[in-house]
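Taking it in order: structure first as structure tokens, then the write-up.
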Amino acid sequence: MIRDSTGREVMPVPGDGLWTFSDCVKSPDQRYRAIVRRFTAAGYLVSELDEFEPVSQR
24 MIRDSTGREV MPVPGDGLWT FSDCVKSPDQ RYRAIVRRFT AAGYLVSELD EFEPVSQR
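This note's numbering puts the first residue of the sequence shown at 24, with every later residue one more than the last.
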């Protein structure tokens, strides 16, 4: 389930606790890429690769 900062249940998630998210976003759109960078910086992602970033900046 998803809980808010006080621990109150906000909503159940599919799979009865077995739900995981492992999708990928492949978009050159700067807005999506900025969101992914923020999730990475916050520690929510196991890995991140920006395939649209120039090789010289990786």
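Here a beta-carbon is modelled for each residue, glycine too, at the ideal position from N, C-alpha and C.
Because the structure is a prediction, the values reported are computed rather than measured.
- Excluding its 5 nearest sequence neighbours in each direction, R54 has no C-beta neighbour in its own chain below 7 Å.
- A distance below 8 Å between beta-carbons, with the five flanking residues on each side excluded, links R26 to the following residues of its chain, in chain order: E32, V33.
- In this structure, T63 lies away from E76, with their beta-carbon atoms at least 7 Å apart.
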